[in-house]
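Quick note, the sequence shown lines up with residues 1 to 1072 if you use full-length UniProt numbering.
Glycine residues also receive a C-beta, built at the ideal position from the N, C-alpha and C atoms.
What follows is a short report on a single structure.
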Amino acid sequence: MASHPGVGGHRRLGIAPVSFVLAPDTPVKIHRIVAADPEHERLTSAHTQPRGVRRVHHEGDPMTTATTVRSHRGASDPPPPLSPNNHHRGHRRKVMGGLTRIGAVSATLSCAIAALAAPGVVAAPVAGSSTLSFLAGTGTAGAATSGVAATASPLSYPQGVAVDSAGNVYIAESSNHRIVKVDASTSQLSFVAGTGNLGAATAGVAATSSPLNNPQGVAVDSAGNVFIADSNNHRVEKVDASTGLLSFVAGDGTQGAATAGVAATSSPLNTPSGVAVDSAGNVYIADTNNHRINKVDHSTGQLSFVAGDGTQGAATAGVAATTSPLNSPQGVAVDSAGNVYIADPSNNRVSKVDASTGQLSFVAGTGTAGIATAGVAATSSPLSAPAGVAVDSAGNVYIADSGNNRVSKVDASTGQLSFVAGTGTGGAPTAGPATSSRLNYPYGVGVGAAGKLYIADTFNNRIEKVTLPTGTLPTITSTAPSTATAGAAFSATLVASGTPSTWSVSAGSLPSWLSLNSSTGVLSGTASSTPGAVPAFTVRATNTAGYDEQTINLTINALTAPGAPSAVTAVAGVASAAVSWAAPGSNGGSAITGYTVTAAPGGATCAAATVAGCSVTGLTPGTAYTFTVTATNLIGTGLPSAASTSVTPTAPPSSGGGSSLLVQQITTGAPSSLALNARTAALNAVASAGGTLSYTSGSPSVCTVDGAGIITAAKAGTCTITVTAAATATHAAASRNLTITITEAQTVVASLPAGPQRFAGADRVATSADIAEKIFTTPPAGTSRNVVLATAGSYADALPGSRLAGQVGGPLLLTNGNRLSDEAATQVKRLVAAGGTVYVLGGDKALSDAVESAVGGLVVGDSVQRIGGGDRYQTAAMIADATTKRAGDVGPIYLVTGRDFADGVSVAAYAQSTGGVVLLTDGDTLPAATAKYLADHDPKGERAVAIGGPAKAAATTAGLAGAAGRAVVGADRYETSAKLAAAMKTPTSTTVASVASVGMAGGASWPDALSGSAAMAALGGPLLLTPTGSEAVPAATTSALGGLAAQRVLVFGGTSVIPGAAYDRAGALLKG
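Next up, the structure:
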C-alpha cells in the first residue's frame, strides 16, 4: 500500500481499486415491477408487448394489445455545493479498494429493477455526461440461450433487473418465464430459475427445474439469495445462494386479497410485480392488483401492510401510508434508512413512505400523465406510467418513466428532476451518450456499484448499462463547527468535495442532543442547556473512491439576554417623542424579538420589533424627558441603554375660547436617508385620530412627494417634508416635519465589465450565491444590505420574492429548505449587518424554523422577517404588502400564474422599473388571497396587468377586463420575456445607467432565472430567456437583445443550462 502526503494535514492512503464485495451480513434490497397477465397465458413471439401492460407512446397516446386483461388506467441535478478550499487538521483520508466490508445496505428497485444503496459502495453520480452500452439481449424477442455471451442471446420482454455486490446482473424475463444471470467476469448468460415454460412453481427443487409464470420482479441480497416476484403465480419466491433450491417467501398461490398478521406464505397475493429487500432481510412486495405494498418480516415470516388501503385510487400525501389508496403499484424500493419508495404508474407518481412516521409523501409526478420536465422540482413535473424506482446511497431516486421512454433522476439535495437516459421518443437504443439514445417503454432500473445504472428496456428486449460519471476521493472542505449555544437550535453543514459522500461518525459519539444526516451532512439539534465542552467526535465522508475524516470539538456557551442597545436619540413632538437606536453588540446567542423604550420621568413606554424606532406618546408638554431602550430575546430582557439626551415635548395648539382639543399624533415609517438610485420611498404616515393627511415638500429640487406620501428623489441633498393631519371633531390639526437625507447613488452593485459574463455554481444554491457575490458589493462599515431568502425546492415564493429583493436592493438567495446552506450563510454574513433585514419567504414547510433560527444567529443586530401565508397565494400577497411598504402602493399589480414559472421569472426586473408588485393566480383561476388584495388595493381595476396566457385567462374569468386588456402575452415564454424587455422603463436620472445590462437565463431553469431577475432589478435591466440546454437562441430573444443595444449580457447558469454556443450568440449581439 502506497502512502501519499495529503494537503493541509490530510493523510491519503491509496491502492488500486478493485471490485467491491459485500460481507455476508449485508443484505441488499432490490425491486422491480411489471404488469401481470391474470389469465396465466404465455406470451408468444407474436405479441408486441407484455400482457397487462398499457403502452403509451411518447406523444401520450395509449395503445393496448387485444389480449390485455388488466391495464393501467392512466397512461400514464448537480452535486452538493462545495465550500471554500480550506483544509483542517485531524483529517484522515483513505482510498477504497480490495475486500470491503459494508454495514447497512439498502437496494431498492421497482418494476424490473435492482439497486444497491450501500454507503461507501454505490457511487452517487455527479454532473457530466452518461454513456449507454448493451449488457444483454440482441434487440429481438426470443428464447434466451445459456452459456453464450449475454449480448448474443435473445431476451423476451425483460421487466426486472437486479445487480449483486460482485456486479452480476439478474434479469426477470417475463415472457420466457425465467430469471437469468449475466456473469460479471465472463459476460455470459446463465439460467437462475424457471424452465422456460409457464407453470406453477415448485418448492424444494432446483430453481431451474421449477416453472415460473410471468416473473416481473427480481432482487438479490448480500448473501446472493435471489428473490422473484412471480406475478401470475401470485407468489414471491427465493433461490438459495448455497443450494440453488427454490422456496416460497410469500403468497399461497391463489389470487386474492392479502391478509396481514399471518404467515406470508398463508396469505394470497394478487399479481405481485415488484420485490425489494432491506438490510435486515425484510422483504417488500408491490402487490399490484391488491393496490398495496406488503412487508414480510425477516424474523417472524409474517405479512404486514406498508402502504395502500386495498382500494384503487389516487394517493393522498400527508396521511398514514396504509390509509391512502394506490393504483396498481409496480415498483418498490427501500433506502438504508428504511424509507420505502413506490412507483405508482396509474397515479403517474412516485411516492415515499417515511420510515419514522409511516406517512406517505410525493417524490415525483403531478398525478397527471404528461411529458416530464427537467430542471424543475420533481413534484412539479408530470410523469407517464412510471413503473420502476431505485434509490442510491446518496438518496438520489431513479425512475423508469415508462410512458415517457426515459429514466429520470430526483436529486436528493434539491428535489429537482433531471434526465439520465432516453430522448423521450420510443425507439431502438444506440450505444453512446445515454440521453441521446432512445428507449422503448423501460420498466425497470437498478443502481449498481461504481456509478453503474441498469435499465430493463422492455420493448427493446435488452438490458442496457448506463455508466454515470463518478467523482474523486472526497476532501472535507467545511470548517469544523466549534461552538453551540445552550438551549438553542444548532445547525452546521459538513461539505466534502468529490463524488457526493455518505456521512457517518467514525470515532467517538455524537452527544444525545445532536444528530447527523448521513445524506446531507447536516449536524443539527437543540444544544444541551448545560454549558461546557462536548467530548470530541470524528466525522467521515465516504464515497466509492475512499473517505476523509475531520475531528470536531464543540463547546456549549451559555445563552444570555441581549446586550444594551446604543446610540439612542429622541426627537420631540406634540406631547410625544420619536425614539431611535442601534442594535446591541450581542444578541446573547438568540435572535432579538423586540425592543422597549422607557421615558423618564413617568415611565411611559413604546415597543418595536426592530431598530426602526417607535414614538412614546402621552408625555407632558414642557417637561424634559430622557429615554432608555432594552432588547429582548427568548431568554429575557437585557440591560437598558445609556439615556438619550433630553428633549421637551410641545403643547398642542389651542382652539377658540382657550379650550384645547385632544392631541393628534402623526407617526411615520419614513427612512432617515434615501439613496438616489433607490428613487422612491413610502412615508407610511398615520394620524392617530384619522385626520386627512397631506404632504408638502420644502425642497422640491431635492425631492418631491405625492398625495399618497411617496417621495421621489431628484438629487442629492436634504429633503424636508411636512406631513399635516387635518383636524377632526375631537382632535386638533397636527403637523410633523421630516428630514430625509438624499445620498448619492449607492454602489449596491459592482462595476461590471462590458461583454458577456457567466454566473454559475455547482448547483442552484451555489449559483444564487455566485450571483450575489459578483453583483452585490460588500456594504461599507457601519452600513448593511438587505437579503431575501427563499427555498431552493420551489419557485412559488421566489416569483414575487425576486421583486421584493429588487426593492430592498439585495440579492435573492436560495437555500435548502431544512437547513441554511453554507453558500447562503456566507452571503448573509457578508451583506447583512446591524440594521439590515433578512426576509425569509414562505411558511415553515418552505423554509424550516431551523433555517430562520440559523439566520438570526448569524448577524448581531439584524432583523429576520418571515413572510409566509397559508399557501403560495397568501404568501405572494404578503410579499406585495412588504414591497409597497418600501416602494409605496401606487405601481402596477402584475398577475402571473403560480402553477408554473415560465411567465413569471422575467417579471421582477420589469416590475422594479415600474414600481409594481407581483401576485399569483391559480393557473386560469383567481385565488381568494389574490382577489382580496386586488379588491383592497385596486378596487377600480386600474392597475392590474396579466402576464402570460394563464393569468390573462384568470383575469378574464374573474371579470378583470382591465387586467386582461393590458395583458402581456407572448407565443411562448421567450416571446413574453422579450415583450417585457421591450417595455422596460429605466430611471431618467443621469446617475443611473440606462439598459446597459441585460440578463439571460434558461427557460426551464427557474432557480437561476429568479436569482438573476432580482439581480437585473438592481442593475436596471431586463431578463431574457433561452431554451435550457440548447445552443440555439430563439428569434424573439435575439431580436430583443439586439434592439436594446446593451453593453453587457449576464448569463445565469452553467454550460449545461446555457451552452457555449448560446453564450457566444448573446455576446455577439451586444452594442459595439
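Asked	Found
Ordered along the chain, which non-local residues of its own chain (more than five positions away) have a Cβ less than 7 Å from that of F207?	With the sequence shown as reference, residue 207 is identified as Ala, and Phe is not the correct amino acid for it. Counting only Cβ-Cβ distances below 7 Å, and skipping sequence neighbours, we find V192, A193, V239, G244, L245 and L246.
Count the other CB atoms, across all protein chains shown, that sit within 10 Å of the CB of A66; report buried if there are 16 or more and exposed otherwise.	For A66, the predicted model reports a pLDDT of 27, less than 50, meaning its position is unreliable; a value from the coordinates is still stated below. Per the 10 Å Cβ criterion, exposed.
Compare the Cα-Cα distances from G370 to each of N396, S402 and V571 and report the closest residue.	S402
I need the boundaries of the beta strand (DSSP E) containing T826, first residue and last residue.	First-last for T826: D822 to L831, but that is the alpha helix (DSSP H), not the beta strand (DSSP E).
Classify V952: buried if its beta carbon has 16 or more other beta carbons within 10 angstroms, exposed otherwise.	Before going further, note that residue 952 is Lys rather than Val in the sequence given. K952 comes out buried.
Between G139 and the rest of its own chain, which residues show a CB-CB distance below 7 Å, the 5 nearest in sequence each way excluded?	A428, N460, N461 and R462
Relative to the C-alpha of A685, which candidate in A716, I721 and T632 has its C-alpha closest?	I721
Are at least three pairs of beta-carbons, each pair with one atom in the stretch 799 to 819 and one in the stretch 925 to 932, less than 8 Å apart?	no
Grab me the residues of R856's own chain with a C-beta within less than 6 Å of its C-beta, minus the 5 sequence neighbours each way, in chain order.	One detail in the question is off: residue 856 reads as Gly in this sequence, not Arg. Correct list, in chain order: A591 and V864.
Rounded to whole angstroms, what is the Cα-Cα separation between A834 and A781?	10 Å
Starting from Q216 and walking both ways along the beta strand (DSSP E), at which residues does that stretch end?	P215 to V220
Closest to P535 by CA distance: which of A507, G521, V571 and T884 is it?	A507
Out of A734, G843, A315 and R758, point me to the one whose CA is closest to V574's CA.	A734
Which class does F537 belong to by DSSP, given the choice of helix, strand or coil?	strand
Taking the alpha-carbon positions, what's the G755 to M1000 distance?	13 Å
Quick check on the DSSP output: what are the complete beta strand (DSSP E) runs of length 3 or more inside the stretch 371 to 443, in order along the chain?	386 to 391, 397 to 401, 406 to 410 and 417 to 421
Does the distance from the C-beta atom of A642 to that of S519 stay below 7 Å?	no
Got a sec: is the Cβ-Cβ distance from S794 to anything in chain C below 7 Å?	Protein chain content of the structure displayed is limited to a single chain, and chain C is not contained in it.
Could I get the ranges of all uninterrupted beta strand (DSSP E) runs contained in the stretch 764 to 839, with 3 residues as the minimum, in chain order?	787 to 791 and 812 to 815
Below 8 Å CB to CB, which residues in the same chain sit around A600 once its five sequence neighbours on both sides are set aside?	Y625, T626, F627, T628 and A643
Cβ of L559 within 7 Å of Cβ of G594?	no
Use the C-beta contact count for P565: other C-beta atoms within 10 angstroms, 16 or more gives buried, fewer gives exposed.	buried
How is P939 classed by DSSP in three states: helix, strand or coil?	coil
Taking buried to mean at least 16 other C-beta atoms within 10 Å of its own C-beta, is T502 buried or exposed?	buried
When the Cα atoms are used, what is the spatial distance from residue 1078 to S304?	Absent from the structure is residue 1078, since the part of the chain shown begins at 1 and ends at 1072.
Look at the Cβ atom of D344, then the Cβ atom of A315, and state whether they are nearer than 7 Å.	yes
Going by C-alpha distance, which of W1006, A877, D230 and A364 is nearest N270?	D230
When burial is assigned at 16 or more other CB atoms within 10 Å of the CB, is P1034 buried or exposed?	buried
Would DSSP call T921 helix, strand or coil?	strand
Given this structure, state the Cα-to-Cα distance separating Y341 from Q359, to the nearest angstrom.	12 Å
Where DSSP assigns a beta bridge to W503, which residues make up the other side?	A541
Return the residue from the list P474, S133, L554 and N543 that minimises the CA-CA distance to L510.	L554
At what residues does the alpha helix (DSSP H) containing N1006 begin and finish?	The question names Asn, but residue 1006 in the sequence shown is Trp. Its alpha helix (DSSP H) spans residues W1006 to L1019.
Helix or strand or just coil, what does DSSP make of A206?	strand
DSSP beta-bridge partners for M1000?	L1024 and V1051
V466 and L132: beta carbons closer than 7 Å?	yes
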